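*Asks:* The structure's right below; bear with me while I get my questions together.
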Amino acid sequence: MSSTSQKHKEFVAEPMGEKPVMALAGIGEVLGRKLEENGFDKAYVVLGQYLVLKKDEELFKDWLKDTCGANAKQQRDCYGCLKEWCDAFL
Amino acid sequence: MPFVEDPAQLSKSRLKSDLVAHHVALPPAASKKELYVELHLKHIDQSNCADFSSDDEDPVHDVVGEDPENATVLDPSALTDKDLKDLLLKHGVKAGPIVASTRAVYEKKLRKLLQSGGKEELNEAENAVLYSDSDEEEEGDENKEEQEEPEGEQEQTAEALKLNQQRCNKPPQEPENDILKEIFPDTNATPTGIYATPRRPIKGAAQRPIQYAYPKTPVSPTTLERREVERRLVPIYIQILVFFTVVYVLYVISVIVEDGSSVMPLLESLNQWSDSEEGSPALDETQDTHSASGEL
Chain A
1 MSSTSQKHKE FVAEPMGEKP VMALAGIGEV LGRKLEENGF DKAYVVLGQY LVLKKDEELF
61 KDWLKDTCGA NAKQQRDCYG CLKEWCDAFL
Chain B
1 MPFVEDPAQL SKSRLKSDLV AHHVALPPAA SKKELYVELH LKHIDQSNCA DFSSDDEDPV
61 HDVVGEDPEN ATVLDPSALT DKDLKDLLLK HGVKAGPIVA STRAVYEKKL RKLLQSGGKE
121 ELNEAENAVL YSDSDEEEEG DENKEEQEEP EGEQEQTAEA LKLNQQRCNK PPQEPENDIL
181 KEIFPDTNAT PTGIYATPRR PIKGAAQRPI QYAYPKTPVS PTTLERREVE RRLVPIYIQI
241 LVFFTVVYVL YVISVIVEDG SSVMPLLESL NQWSDSEEGS PALDETQDTH SASGEL
């Protein structure tokens with residue numbers, strides 16, 4: 001029973017560079033496409049949004065839900081993934 | 001401001017200009033002066049609240065403050081970025097930059113805050129009282145009532161609501177933890193094995209499947225085998241290759257030992273094969289055999 005998925009570990013292991021938004025933990029094909037439609041086509045753009053919201057958990061999760069319809073687990077995974085990445089590289 | 005301007009004494013046009021100066025959305029042109037007074041009190045006088053605390057002002061202020069709050073700031077999307085940020089700050093939310101992508105989130109947040117605005121303040125008061133002493137709850141309520149008169153009745157009902165909300169928030173998390181605790185340690189088992197409490201459902205019985213926090217994916221023995229085999233897939237091929245190489249080498253050796261007439265073509269074929277595959281070790285061998293056959 002691991003608390004972080006393989007996707008999370010892979011994302012947090014290195015600088016995200018030009019990784020697509022679907023490389024984020026919790027973001028699959030469907031959500032990724034919706035984010036891309038809204039202009040968030042790369043992982044770093046979502047990172048930008050996370051930072052502009054001052055890394056606030058609730059705000060970021062709300063934004064994610066409003067933008068692509070992520071459920072609670074997906075929100076949690078994505079937030080955790082970005083948070084850990086920032087802790088390591090930012 | 002050293003003195004208090006009583007908005008009721010100001011003229012309607014003066015109130016209007018004041019509101020515009022403070023970037024407040026004006027009500028329709030045909031509204032009564034009272035509306036302007038309320039707006040004035042709400043937006044302009046509230047900013048001076050910190051400077052003075054007068055008991056005379058508060059009742060009027062609070063009564064007036066509640067109604068226009070829902071009437072004027074009903075539409076956060078009509079506010080400017082700065083006003084939105086200020087309002088959020090007033091509700092205790094330190095907002096970041098309000099940009100195109102963040103505006104929607106902050107508007108939503110403000111709406112949520114406005115709806116529970118009254119209850120939030122009461123909740124804070126309630127928490128402060130709770131932290132101090134649980135026995136003093138009622139006394140604290142009474143004190144609060146004395147200070148903030150008009151919200152007395154609403155306070156109690158809101159309190160009850162808040163308590164219920166807090167209770168409702170907790171149970172969803174409890175069953176998950178209870179399930180895990182009950183299944184694995186299983187120490188508190190009753191003689192019949194059935195654990196019935198008012199809040200916890202009977203697990204595993206009456207068509208209620210046990211819900212693990214993280215359901216395990218079913219792994220059959222064949223998949224386990226296949227995974228092991230796949231792990232060893234490459235080494236197996238290497239083993240087979242080595243095996244055949246050894247067999248061939250032994251065959252060649254046996255041929256050499258036999259020293260039959262058909263040695264030369266075999267050696268030539270071996271040479272060709274070794275040139276293409278083996279490399280130096282085989283070449284040495286063929287050179288030796290060549291020299292050996294040459295001497296013959």
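These protein sequence lines are chains A and B, in that order. Numbering of the first sequence is given in full-length UniProt numbering, commencing with residue 1 and proceeding in unit increments. Numbering of the second sequence is given in full-length UniProt numbering, commencing with residue 1 and proceeding in unit increments. The C-beta atom is built at its ideal place from N, Cα and C for all residues, glycine as well. These numbers were taken from a predicted model, which means no experiment stands behind them.
So, using beta-carbon positions, are V37/B and L19/B closer together than 8 Å?
*Replies:* No, the Cβ-Cβ distance between V37/B and L19/B is not below 8 Å.
*Asks:* Beta carbons nearer than 7 Å to chain B: which residues of the stretch 47-81 of chain A have them?
*Replies:* Cβ contacts with chain B: Q49, V52, L53, K54, L59, D62, W63, D66.
*Asks:* Quick one: using the 10 Å Cβ neighbour count with 16 as the cut-off for buried, is Y251/B buried or exposed?
*Replies:* Its Cβ having fewer than 16 others within 10 Å, Y251/B is exposed.
*Asks:* Is F60/A buried or exposed, if buried means 16 or more other CB atoms sit within 10 Å of its CB?
*Replies:* So F60/A counts as buried.
*Asks:* Do the CB positions of L64/A and C78/A come within less than 8 Å of each other?
*Replies:* The answer is yes: Cβ separation under 8 Å.
*Asks:* Taking the alpha-carbon of K12/B as reference, which of I98/B, T222/B, H40/B, A25/B has the nearest alpha-carbon?
*Replies:* Here the closest residue by C-alpha is H40/B.
*Asks:* If you check the beta carbons only, do G32/A and P15/A fall under 8 Å apart?
*Replies:* Against a cut-off of 8 Å, the Cβ pair of P15/A and G32/A comes out as no contact.
*Asks:* Taking 7 Å as the limit between beta carbons, can you name the residues of its chain near M22/A, skipping five residues before and five after?
*Replies:* Taken in chain order, the residues that qualify are G28, E29, G32.
*Asks:* Since Q9/B is in the alpha helix (DSSP H), which residue starts that stretch and which ends it?
*Replies:* Counting along the chain, Q9/B falls outside any alpha helix (DSSP H), and DSSP gives it neither H nor E.
*Asks:* Tell me, to the nearest whole angstrom, how far the beta carbon of L110/B is from that of L84/B; I am working on the premise that it is less than 8 Å.
*Replies:* Contact holds; Cβ gap of about 6 Å.
*Asks:* Checking the sheet assignment: what are the DSSP bridge partners for P20/A?
*Replies:* DSSP, once it has assigned bridges, lists K42/A as partnering P20/A.
*Asks:* Is the Cβ of K82/B closer than 8 Å to any Cβ of chain A?
*Replies:* Taking Cβ atoms only, chain A never reaches closer than 8 Å to K82/B, which makes this a no.
*Asks:* Please state the DSSP three-state secondary structure of L89/B.
*Replies:* In the structure shown, L89/B sits in a helix (DSSP, three-state: H, G or I).
*Asks:* What's the C-alpha gap between D86/B and R103/B?
*Replies:* Approximately 13 Å, taken between the alpha carbons.
*Asks:* Which one of H23/B, G96/B, K94/B, A100/B has the shortest CA to CA distance from L79/B?
*Replies:* Measuring from the Cα of L79/B, the nearest candidate turns out to be H23/B.
*Asks:* CA-CA distance, M241/B and K34/A?
*Replies:* Before going on, a small fix: residue 241/B reads as Leu here, not Met. The straight-line gap from Cα to Cα measures roughly 51 Å.
*Asks:* Look at the alpha carbon of D7/A and the alpha carbon of E18/A, and state the distance between them as a whole number of angstroms.
*Replies:* The amino acid occupying residue 7/A in the given sequence is Lys; Asp does not appear at that position. One C-alpha to the other measures close to 16 Å.
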